[in-house]
Amino acid sequence: MTNRPNPLTVFLADSPSAEEPARAVARIALGSALVFAGIGHLTFARQDFQAQVPDFVPFGPDVTVLASGVVEIALGTSTVFLKRRRAAIGLVLAAFFVAVFPGNLAQLINHRDAFGLNTDQARATRLLFQPVLIAWALWSTGAWSALRRQRAGHPS
1 MTNRPNPLTV FLADSPSAEE PARAVARIAL GSALVFAGIG HLTFARQDFQ AQVPDFVPFG
61 PDVTVLASGV VEIALGTSTV FLKRRRAAIG LVLAAFFVAV FPGNLAQLIN HRDAFGLNTD
121 QARATRLLFQ PVLIAWALWS TGAWSALRRQ RAGHPS
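Reading the sequence shown from the start, the letters are residues 1 to 156 in the working numbering.
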């Protein structure tokens with residue numbers, strides 16, 4: 001039996017203090033975009049975001065949009081400002097992007113216009129961007145690197 005660390009150890013450990021400039025810029029840009037989108041959920045784009053809420057969501061579209069806006073602001077702020085636990089934040093952020101994917105899919109399936117996406121082709125193209133957001137979250141926060149370290153048996 002090998003003496004492997006707990007898989008979560010690497011994600012709950014402090015993130016390295018040194019950060020590549022490109023990674024820092026990408027992380028700050030992503031976090032800032034999330035804060036902007038979250039503010040949009042609460043204010044100027046609220047109705048557009050409501051158009052994306054799938055029918056199967058148990059809460060009404062307005063509650064869902066408001067809650068997701070608050071979550072986006074919290075995630076964006078954490079992504080930009082919290083140096084510790086960046087890898088864990090990256091995992092949560094990637095999971096969030098997976099969780100909101102059904103809303104983007106519902107917009108396509110139900111042919112709902114919002115955000116200038118007024119054709120099925122435009123809505124389908126947007127779906128292709130979701131994996132990019134997931135990869136961006138994992139790379140810019142160092143979550144991918146942390147996962148590689150964990151798999152190699154080096155928790156820090």
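Every residue gets a Cβ at the ideal spot worked out from N, C-alpha and C, and that includes glycine.
Burial of E72 is indicated by the presence of at least 16 other C-beta atoms within 10 angstroms of its C-beta. In the structure shown, L147 adopts helical secondary structure according to DSSP, grouped into three states. One Cα belongs to A137, the other to S78, and the distance between them is close to 12 Å.
Straight through space, the alpha carbons of L108 and G90 are spaced by roughly 27 Å. Non-local beta-carbon contacts of F97 in its own chain, meaning distances under 7 Å to residues more than five positions away in sequence, involve Q130, L133, I134, A137 in chain order. For W139, the closest alpha carbon among the candidates V92, Q121, P102 is that of V92. Taking the Cα positions, V25 is about 28 Å away from R123. Straight across, the Cα-Cα distance linking R84 with Q150 is about 17 Å.
With respect to the C-alpha of V63, the residue from L75, R27, F49, L34 having the closest C-alpha is F49. E19 and T141 have their C-alpha atoms roughly 9 Å apart. Per DSSP, reduced to three states, the secondary structure at L82 is coil, with no helix or strand assignment. The continuous alpha helix (DSSP H) containing G40 extends over residues 21-42. Counting only the Cα atoms, S145 lies some 25 Å from V35.
The Cβ atoms of G76 and H41 do not sit closer than 8 Å to each other.
With respect to the 8 Å criterion, R112 and A51 are classified as neighbours on the basis of their beta carbons.
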